[in-house]
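One structure is given below, encoded as structure tokens.
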Amino acid sequence: MSDVPPEKPSEDSLETVAAEVVGCPMCKLARTRRNAVPGEGQLSAKIMFIGEAPGKNEDEKGRPFVGAAGRILDDLLKKAGIERSQVFITNVVKCRPPDNRVPEEDEVAACRAYLDRQIALIRPKVICVLGRTAYSSLLGGGSITANRGKIVEKSGQKYFLTIHPAAAIYRKSLTAVLESDLKRLAQEVKESEGTSMEDYL
Ligand code: SF4
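Okay, structure coming up:
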């Protein structure tokens, strides 16, 4: 297993990042994945959603948030007036951890350069942090339930904190919480731009 980090080419692109992710051998998750999941969405997206890791369905299809959690996210994005086709969705690690365990520190660290390159290319207005692992990885945060609904800024980047959609599979009452947060996110973006959502998605 190589310990050389992926380099950012001078002419980087989302397609280049995705191609490198698909063949990436940089951490032990490469040995157990079926398909790496680079993420998908628009280069021009103003909102970037970042979750924890691909699950079983994502691993099978090579696409992010296509299982039960993805269906919840799709539904709630629609209710918030945000089209999934108009955002970029990815995860902290791009390959499925065995049995859906939480990604380990070395895996998150190995995968970080890909995420940083995606963020640098997209330059989103807001990064929506989905759940504890993304919160911890991106902002060094602890409890997402204690901080959800908040907007924080770090190094000039705005982040919106909310729970992972998978949490709503196990506790139905959290669906309303996530719905409320995503509506707030949509409103926040709208107000910060002083224009309608459609103008910048
Ligand atoms: S999780 Fe990231 S670093 Fe690890 S093999 Fe997959 S793409 Fe590479």
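With the numbering used here, letter number 63 in the sequence shown gets 59, and the count goes up by one each step, no holes.
All C-beta atoms, glycine included, are put in the ideal place defined by N, C-alpha and C.
#1: Is Ile78 near Pro60, with beta carbons less than 7 angstroms apart?
#2: Check whether the Cβ atoms of Thr28 and Val88 sit closer than 7 angstroms, and answer yes or no.
#3: If we ignore side chains and look at the alpha-carbon of each, how far apart do Ala65 and Gly190 end up?
#4: In whole angstroms, give me the CA-to-CA distance for Ala182 and Gln38.
#5: Alpha carbon to alpha carbon, how far is Gly35 from Ala14? Give it in angstroms, no decimals.
#6: Any contact of the stretch 136 to 144 with the stretch 36 to 55, i.e. 3+ C-beta pairs under 8 angstroms?
#7: Within 6 angstroms: the Cβ of Cys20 and any heavy atom of ligand 1?
#8: Pull up the distance between the alpha-carbon of Gly137 and that of Tyr131, whole angstroms please.
#9: Pull up the distance between the alpha-carbon of Lys154 and that of Ile123, whole angstroms please.
#10: Which of the three DSSP states is assigned to Gln199 in this structure?
#11: Report the rounded CA-to-CA distance for Cys20 versus Cys107, giving the unit in angstroms.
#12: Relative to the C-alpha of Leu117, which candidate in Phe156, Ser40 and Pro94 has its C-alpha closest?
#13: Within a Cβ cutoff of 8 angstroms, which residues of the same chain sit near Glu100, ignoring the five residues on either side of it in sequence?
#14: Nearest CA to the CA of Glu16: which residue from Ile159, Ile140, Ile115 and Ala109?
#15: Grouping DSSP H, G and I as helix and E and B as strand, with all else coil, what is Gln82?
#16: Our contact map puts Leu73 next to Leu174 with C-beta atoms below 8 angstroms; I'd like the distance itself, whole angstroms only.
#17: First and last residue of the beta strand (DSSP E) that includes Ile43?
#18: In whole angstroms, what is the alpha-carbon distance linking Phe209 and Asp102?
#19: Report the CB separation of Ile165 from Ile43 in whole angstroms; it is logged as a contact under 8 angstroms.
#20: How would you label Arg113, buried or exposed, when you count the other beta carbons within 10 angstroms and need 16 or more for buried?
In terms of the structure at hand:
#1: As a working note, residue 78 is residue 82 in the sequence shown. As a working note, residue 60 is residue 64 in the sequence shown. Their beta carbons are not under 7 angstroms apart, which means Ile78 does not touch Pro60 by this criterion.
#2: Your numbering for residue 28 matches position 32 in the sequence shown. Your numbering for residue 88 matches position 92 in the sequence shown. Against a cut-off of 7 angstroms, the Cβ pair of Val88 and Thr28 comes out as no contact.
#3: The sequence position of residue 65 within the sequence shown is 69, counting from 1. The sequence position of residue 190 within the sequence shown is 194, counting from 1. The straight-line gap from Cα to Cα measures roughly 31 angstroms.
#4: Indexing the sequence shown from 1 puts residue 182 at position 186. Indexing the sequence shown from 1 puts residue 38 at position 42. Ala182 and Gln38: Cα-Cα distance of roughly 17 angstroms.
#5: Within the sequence shown, residue 14 is the residue found at index 18, counting from 1. Within the sequence shown, residue 35 is the residue found at index 39, counting from 1. Whole-angstrom Cα-Cα distance: 8 angstroms.
#6: no
#7: The residue labelled residue 20 in the question sits at position 24 within the sequence shown. Cys20: yes, Cβ under 6 angstroms from ligand 1.
#8: For the purposes of this step, residue 137 is taken as residue 141 along the sequence shown, with counting starting at 1. For the purposes of this step, residue 131 is taken as residue 135 along the sequence shown, with counting starting at 1. C-alpha separation (whole angstroms): 5 angstroms.
#9: Looking up residue 154 in the sequence shown gives position 158. Looking up residue 123 in the sequence shown gives position 127. About 6 angstroms.
#10: No answer is possible for residue 199: the residues shown for the chain start at -3 and end at 197.
#11: Indexing the sequence shown from 1 puts residue 20 at position 24. Indexing the sequence shown from 1 puts residue 107 at position 111. One C-alpha to the other measures close to 9 angstroms.
#12: Translated into the one-based positions of the sequence shown, residue 117 becomes position 121. Nearest of Phe156, Ser40 and Pro94 to Leu117, Cα basis: Ser40.
#13: Here residue 100 refers to the residue found at position 104 of the sequence shown. Around Glu100: Pro93.
#14: One-based indexing of the sequence shown puts residue 16 at position 20. Among Ile159, Ile140, Ile115 and Ala109, the Cα nearest to that of Glu16 is on Ala109.
#15: Taking the sequence shown and counting its residues from 1, the one referred to as residue 82 is at position 86. Helix, per DSSP.
#16: Stepping through the sequence shown from its first residue, residue 73 is reached at position 77. Stepping through the sequence shown from its first residue, residue 174 is reached at position 178. So it is not a contact: roughly 10 angstroms between Cβ atoms.
#17: Reading the sequence shown from its first residue, position 47 is the one you call residue 43. Start and end: Ile43 to Gly47.
#18: The question about residue 209 has no answer, for the chain in this structure spans -3 to 197.
#19: On the sequence shown, position 169 is the one that residue 165 refers to. On the sequence shown, position 47 is the one that residue 43 refers to. Between Ile43 and Ile165 the Cβ distance is about 22 angstroms, and since that is not below 8 angstroms, they are no contact.
#20: Position 117 of the sequence shown holds residue 113. Result: buried.
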